[in-house]
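Here's what the structure looks like:
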């Protein structure tokens, strides 16, 4: 997420998440819309859909969503590094191509 060309930056995502988790929901929604417009992401873009999914599960208090379960785990004293490692394993397994 560097600033090469029109690539989404860490700063933009961090700003969105900070607004969201600090309870400033309308500002977070505006930040998400700015991200979509500024980086020319369609509503079908995977990265935009992931950010919108985080936003939606947070504001709707969807207690069955995976994102909510990660937050609960993190807020119950789980270390950031261990959550990151668990997500990396899950993503690696999801993108592993089937054996030929």
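Numbering (the numbering used here), first residue to last: 58 to 157.
For each residue, glycine too, the CB sits at the ideal point set by N, CA and C.
Quick caveat, the model's predicted, so the values are computed rather than measured.
Only exposed fits residue 78, as fewer than 16 other CB atoms lie within 10 angstroms of its CB. Here residue 96 carries a coil assignment [DSSP, helix/strand/coil]. In the displayed model, residue 66 falls within coil according to three-state DSSP, outside both helix and strand. The criterion of a C-beta distance shorter than 9 Å is satisfied by residue 106 and residue 100.
Within a 10 Å sphere around the beta-carbon of residue 112 sit 16 or more other beta-carbons, which makes this residue buried.
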